[in-house]
Structures are given as C-alpha cells and as structure tokens.
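In my numbering, the protein residues as written are 1167 to 1537.
Given below as structure tokens:
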C-alpha cells in the first residue's frame, strides 16, 4: 500500500498544498505548531473519515474558507485509485473513490488502511477500557467488512435499547418491547465478541513475539479478551456459544439495567487486558514496560493487518520518536524498514541514523507550507 500523492485545500493551516511521497520513510520536520501533525491527520481522515484529534468536521476547515478538500492517489496490489474527501460548512462530508460518491461513511474503510502511533497511545495500556475497545474496533473495521457492518448495527440497537431503558427508569415504556431489543442485541453482541476474540488470539501471538524481541526475552506480554457475557469467558469453547447465553445474561441484569437506565452487558462493556510478566500492565507496569507494550501492540497491529489483507497498512508516527529511548527507536525503525510506508513528524533529525535519512524523503514544514 503506497500513498503516492496528496492535495489539500483549506485543510487546517494549509490553504493549498500538493506533493508526492516516497514509498518508504517520509519525514516531516519543523517547529511545533507549523502543521506537521495536520498532514498526518489528513491521511488518517482519508482512511477512516475521522480524526484522532478533532471531533467535529468544522475544526478541519481553514478559518478563512467555507470548506476543505483532500485528494490522494493511492497504489495497491490490485491497482491504483483516487480517494477524495470534501466538506462544506453545515453539510455532510462527501467521499469519492475514482470520482464516484460513496453513499455511506462506513464504505470508506478498507480503501486506505492506516496504523497511527502518537504519545496519546500510551493510554492503550494505562488508560480506561474504552481506549482498548476503540483500538480493536478501528483495527477490525479496516480489515473485516462483516465486523464493520455488525458494529454499526450493534450501536444502533444499543441506542434504541438504552432509550427504552431510560423510559422504563422514569416509569414509562413497555417491557415487552425490551424483549424484542434483547433478541436483536444478543445476536449482534455475540457476533462482535466472537470476531474480537478471534482477532485478539491472533494479535496475542504477534504482540508476545514483539515484546520478547524488544526486551531481548526479558518480558512476556499476554493479551486476554474478557467479554462481559459470562458464557463467553471460557475459550476455546467446547461448544459454540449461543444467543441464549447472551439473553440469559441480559435477563439476569434487567432490574439493575432499568434502575440505571443503561445496558450493562455486551461488547461495549468488554475489556482487553494486557499482562506483562503475569502482572496487570495498566495497574502495576512501569512506564518503560507500558511504552514497550504499546510499541509491541502497534507492530503486532501492522503484522495482523498484513496477514488479513495481504498488504501492510501505512504507518503514521506522530511525534513518537522523542518519546522512545534509543533502543526502542532502533527496534521500531529496523522492524518497519523497507516494508511499510511511514510518515513521521519530528522537530529535529537527531532520532534518525544517517542510513535511515539516506533512504527517506525529507519535508520541511513551516507555517502551512512544505518544501
């Protein structure tokens, strides 16, 4: 997978930008607040339709303009295509592939796959469970259309069920309607949890190997997927889990759910636990162990996505080189060299060796201009 060319109009602090990229290492260097991260954000937006920094589309628009446009030319094993996202204030984003509109945002996933790594990703290990669920959702949505479809369906069902629970909490609503939503939620929840568990099983092997290599065998990393449905907790299964097990779990929590006005069981409550040397890395891991764990997870994510799609995704490294010590930086750069197209932001080149710089394309960013 190779992002060959990009063009930006009125995106963040870029009024107009057009440039080509190299197939290996692309380094954006410049002082803070010059627009380095904005470029990575534009690439991430092309892949997912969302930002890892902003929550509203209006935030992407240059303050002088009515909207923004991003257009990229991408090479993949099956051929080349153009990908475009346009937005005008107070309107929905428009997404085009080879000039044809995509009717739904969800159909964007899978065209351009990315793995993003920033200092905030330390929350993967030490943050709340929602960070790890989001990690799994983004990873699987890019490589598995079935998962992507089911996740959208699940959140629609969950919204309707929670609205009914709130009505019942207030003394309104009909419990017979809750039975209907339980049936729908149970089937969707089972599919999502099983797809996640299968992915985590594959990821666990990759992440364990990465952790061993980074630490020269001193640390053992274990990933466990912990579903909130009791019947799903034992894996491998002697028998395939059933919808009835999920329904029994929901029925057992019904009184408490009505009291709280929210659904207490399902993939939105599941957890991905990370152990390092048999210790919970979130609660007891040192900062060094947590950083190594995140690095191992990101490298495992690259390999997992390659195995699922046949191609490496693009890797976005947003100011992470300064967060890693020499040995971790060295391992990262050697692990991805000549395999993955990489976009990295930095304020200086001290983190890179001469051989790496010789193989890279270097872009200087200043006040929304590139050279």
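Note that the Cβ used here is the ideal one computed from N, Cα and C, for glycine as well.
Residue i burial status per 10 Å Cβ neighbour count (16 or more: buried)
i: residue 1533; result: exposed
i: residue 1408; result: exposed
i: residue 1404; result: In this predicted model, residue 1404 has a pLDDT of only 49, less than 50, meaning its place in the structure is not dependable enough to derive any value.
i: residue 1192; result: buried
i: residue 1385; result: buried
i: residue 1243; result: exposed
i: residue 1506; result: buried
i: residue 1514; result: exposed
i: residue 1450; result: exposed
i: residue 1221; result: exposed
i: residue 1444; result: exposed
i: residue 1305; result: buried
i: residue 1377; result: buried
i: residue 1223; result: buried
i: residue 1347; result: buried
i: residue 1530; result: exposed
i: residue 1426; result: exposed
i: residue 1453; result: exposed
Extent of the continuous beta strand (DSSP E) run through residue i
i: residue 1434; result: Looking at the DSSP string, residue 1434 is not in any beta strand (DSSP E), and its letter there is neither H nor E.
i: residue 1186; result: 1180-1186
i: residue 1387; result: 1387-1392
i: residue 1192; result: 1191-1195
i: residue 1450; result: Here residue 1450 belongs to no beta strand (DSSP E); instead the alpha helix (DSSP H) covers 1447-1450.
i: residue 1170; result: 1168-1177
i: residue 1262; result: 1260-1263
CA nearest to the CA of residue i, picked from the options
i: residue 1325; options: 1498, 1522, 1429; result: 1429
i: residue 1216; options: 1531, 1454, 1282; result: 1282
i: residue 1349; options: 1526, 1203, 1471, 1417; result: 1417
i: residue 1523; options: 1536, 1499, 1344, 1362; result: 1499
i: residue 1309; options: 1205, 1229, 1468; result: 1468
i: residue 1265; options: 1273, 1254, 1247; result: 1247
i: residue 1278; options: 1256, 1293, 1288, 1262; result: 1262
i: residue 1343; options: 1388, 1328, 1250; result: 1328
i: residue 1462; options: 1374, 1365, 1439; result: 1374
i: residue 1171; options: 1241, 1219, 1207; result: 1241
i: residue 1525; options: 1379, 1307, 1190; result: 1190
i: residue 1362; options: 1312, 1482, 1448; result: 1312
i: residue 1538; options: 1382, 1477, 1290, 1456; result: Since the first residue shown for the chain is 1167 and the last is 1537, residue 1538 is missing from the structure and cannot be characterised.
i: residue 1389; options: 1186, 1437, 1486; result: 1437
i: residue 1256; options: 1226, 1188, 1517; result: 1226
i: residue 1519; options: 1453, 1496, 1420; result: 1496
i: residue 1273; options: 1285, 1249, 1293, 1380; result: 1249
i: residue 1168; options: 1479, 1510, 1439, 1486; result: 1479
i: residue 1317; options: 1448, 1355, 1537; result: 1355
Simplified DSSP assignment, three categories, for residue i
i: residue 1528; result: strand
i: residue 1510; result: strand
i: residue 1243; result: coil
i: residue 1276; result: coil
i: residue 1412; result: helix
i: residue 1233; result: strand
i: residue 1282; result: strand
i: residue 1489; result: helix
i: residue 1477; result: coil
i: residue 1441; result: strand
i: residue 1534; result: coil
i: residue 1199; result: coil
i: residue 1303; result: helix
i: residue 1454; result: helix
i: residue 1395; result: coil
Residue i, enclosing alpha helix (DSSP H) - first and last residue
i: residue 1204; result: 1202-1214
i: residue 1373; result: 1341-1380
i: residue 1320; result: 1311-1335
i: residue 1423; result: 1420-1426
Closer than 9 Å to chain C by CB, residue i
i: residue 1531; result: Among the protein chains of the structure shown there is no chain C, as only one such chain exists.
With three or more beta-carbon pairs closer than 8 Å as the criterion, would you say the region 1486-1495 touches the region 1176-1185? Between the region 1486-1495 and the region 1176-1185 there are fewer than three C-beta pairs closer than 8 Å, too few to call the two in contact.
So, do the region 1368-1377 and the region 1327-1346 have three or more beta carbon pairs nearer to each other than 8 Å? no
Tell me, please, whether the region 1294-1302 touches the region 1231-1240 by the rule of three or more beta-carbon pairs shorter than 8 Å. no
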